[in-house]
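In my numbering, the protein residues as written are 14 to 510. Here a beta-carbon is modelled for each residue, glycine too, at the ideal position from N, C-alpha and C. Worksheet: one structure, shown below.
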């Protein structure tokens, strides 16, 4: 608990701020956190060469603004660092038709975590031979789609899944096709230094076959003995938002050990080793993620040493960055609607109250649930103008009927922020739009890609008519106009009033 269950005032608890000391420049854009194109011109935030007030006026708020050069540049950084490996974009971070085509054009592979993600990638023209399918509960329909499409790998997660795959693969072979290529996902028992909900390699969770119990070896042997299946290699993923390489190195050590066990048990030499993703990004200035080149160098060294010790050839390496490609290049724009000062108690100076300003914006947990779900930390700035007003302790919150509807828990903003101003929240490219919902019937925001002074809407704003179309009673009914979440016509977005 962060405080007394009834709140710090009722519990007679002084609630200190987690925001730290105010920065010297409230409008600064840390290059480790903000997109590569982010800059202030005449005090206003520009992304991809465009002022954010123009973007908000044209497309409304909330609005995801994706810096195309940042996204594709980070994909290229991984491809350059892992020149002798396969880089799989983890599409669960953010996927749409345009992103699938960027990834395809840039030569990367793609991971899908459901049949629908796979269907989207195929519909966008992504080569099936560069797709892998993940998931802890793949249905027969999803597996049939993967087998029929001829994807590169199904990443097998359970014995039940092997049972489901065998007849599908046998039918493909009987029709003249090749055995279905698989990777076995091994749970390696690594406690990644991250939030418990995004740690995926400890024993007590739903993913993969345990190394400790021998299930991973049993599954590998089972697949090898099935003539319609082909065990191409092994897979491991230890979690997300990880800032050091030690966990990846430990996982590599253990998975290569499993390669040796498989060889000893069956004589098979597996060709591929996928060590997953989870590479962290900077959400705050103090975050210090590792570079793709550092990760690549250390993984190569560990794998080569372990394979040499076991007398095995070095398998082809694969990694799965998602957040590290999609996360930093997207900013969410919001318009402030309400500001409510709340007195928290004494600030330390005699007779001086500590006040937190609750700054409410026109989105919230429906477009970014990560703060509520993971205690995720974000930073944001006043975007439509610069201010030299003194700092004020703030909490940026959404408009949902939940006290946990928080976007940025503690930060300093200029004390003169007001309704109509624009706030920009950094590093929202991963898992924000992907996890978006219609809670309180808010509508999913659009995604606009910016580059070189041009903007293209790659996902349009959801409309109330879209939502009505799913309602058995309201389907066909006309939705009110103008739709919610669009800029009000009587004043320009971002205007001071």
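Residue burial classification, residue i (beta-carbon count within 10 angstroms, cutoff 16)
| i | result |
| --- | --- |
| residue 457 | buried |
| residue 444 | buried |
| residue 210 | Any reading at residue 210 must be qualified, since the residue scores a pLDDT of 35, below 50, and its modelled position is unreliable; no value is offered. |
| residue 33 | exposed |
| residue 197 | buried |
| residue 441 | buried |
| residue 484 | exposed |
| residue 76 | buried |
| residue 93 | exposed |
| residue 464 | buried |
| residue 74 | buried |
| residue 381 | buried |
| residue 37 | exposed |
| residue 153 | exposed |
| residue 287 | buried |
| residue 486 | exposed |
| residue 87 | buried |
| residue 126 | buried |
| residue 466 | exposed |
| residue 174 | buried |
| residue 50 | buried |
For residue i, the first and last residue of its enclosing alpha helix (DSSP H)
| i | result |
| --- | --- |
| residue 270 | 259 to 279 |
| residue 115 | 110 to 118 |
| residue 84 | 81 to 94 |
| residue 520 | With the chain running from 14 to 510 in the structure shown, residue 520 is simply not present. |
| residue 305 | 305 to 323 |
| residue 162 | 153 to 162 |
| residue 133 | 128 to 136 |
| residue 234 | 228 to 237 |
| residue 338 | 336 to 339 |
| residue 452 | Neither: residue 452 is in no alpha helix (DSSP H) and is coded neither H nor E. |
| residue 298 | That residue, residue 298, is in no alpha helix (DSSP H); it is neither H nor E in DSSP. |
CB-CB length for residue i against residue j, believed under 8 Å
| i | j | result |
| --- | --- | --- |
| residue 392 | residue 424 | 6 Å |
| residue 327 | residue 372 | Contact flag wrong, Cβ pair sits at about 53 Å. |
| residue 156 | residue 143 | Contact doesn't hold; Cβ gap of about 19 Å is too wide. |
| residue 319 | residue 269 | 4 Å |
| residue 264 | residue 224 | Not confirmed; about 10 Å, so no contact. |
| residue 135 | residue 159 | That belief does not hold up - the Cβ atoms of residue 135 and residue 159 are roughly 10 Å apart, past 8 Å. |
| residue 141 | residue 163 | 5 Å |
| residue 285 | residue 321 | No, residue 285 and residue 321 are not in contact; Cβ-Cβ is about 18 Å, not under 8 Å. |
Residue i: first and last residue of the uninterrupted beta strand (DSSP E) it sits in
| i | result |
| --- | --- |
| residue 246 | 242 to 248 |
| residue 464 | 460 to 464 |
| residue 473 | Taken as a continuous stretch (DSSP letters only), residue 473 belongs to no beta strand (DSSP E), as it is neither H nor E. |
| residue 59 | 57 to 60 |
| residue 32 | Note, residue 32: premise wrong, no beta strand (DSSP E); not H, not E. |
| residue 168 | 166 to 169 |
| residue 144 | 144 to 146 |
| residue 53 | 52 to 54 |
| residue 68 | Per DSSP, residue 68 belongs to no beta strand (DSSP E); it is in the alpha helix (DSSP H), 65 to 72. |
| residue 395 | 393 to 395 |
| residue 286 | 285 to 287 |
For residue i: DSSP bridge partner residues
| i | result |
| --- | --- |
| residue 354 | 370 |
| residue 200 | 223 |
| residue 102 | 123 |
| residue 345 | 77, 438 |
| residue 419 | 410 |
| residue 446 | Its beta-bridge partners do not exist; DSSP assigns none. |
| residue 467 | 464 |
| residue 179 | None, per the DSSP bridge assignment. |
| residue 139 | In DSSP, residue 139 forms no bridge with anything. |
| residue 405 | 426 |
Beta-carbon contacts of residue i that lie in its chain and below 8 Å, excluding the five residues immediately before and after
| i | result |
| --- | --- |
| residue 57 | 64, 65, 66, 396, 397, 398, 399 |
| residue 179 | 239, 241, 242 |
| residue 39 | 394, 395, 400, 404, 425, 426, 427 |
| residue 138 | 113, 114, 117 |
| residue 256 | 206, 293, 300, 301, 302, 303 |
| residue 195 | 166, 167, 168, 169, 178, 236, 242, 243, 244, 245 |
| residue 298 | 43, 45, 46, 392 |
Same chain only: Cβ atoms within 6 Å of residue i, ignoring 5 sequence neighbours per side
| i | result |
| --- | --- |
| residue 334 | 91, 290, 292 |
| residue 241 | 182, 183, 186, 192 |
| residue 339 | 106, 107, 442, 443 |
| residue 385 | 378, 417 |
| residue 213 | Note that residue 213 scores a pLDDT of 43, beneath 50, so its modelled location is shaky; the value from the coordinates is reported in the next line. Counting only Cβ-Cβ distances below 6 Å, and skipping sequence neighbours, we find 220, 250, 252. |
| residue 149 | 170, 219, 220 |
Contacting residues, own chain, Cβ-Cβ under 7 Å from residue i (five flanking each side not counted)
| i | result |
| --- | --- |
| residue 383 | 389, 444, 445 |
| residue 282 | 276, 325, 326 |
| residue 306 | 94 |
| residue 273 | 323, 325 |
Cβ of residue i within 8 Å of any chain D Cβ
| i | result |
| --- | --- |
| residue 235 | In the displayed structure, chain D is absent; only one protein chain is listed. |
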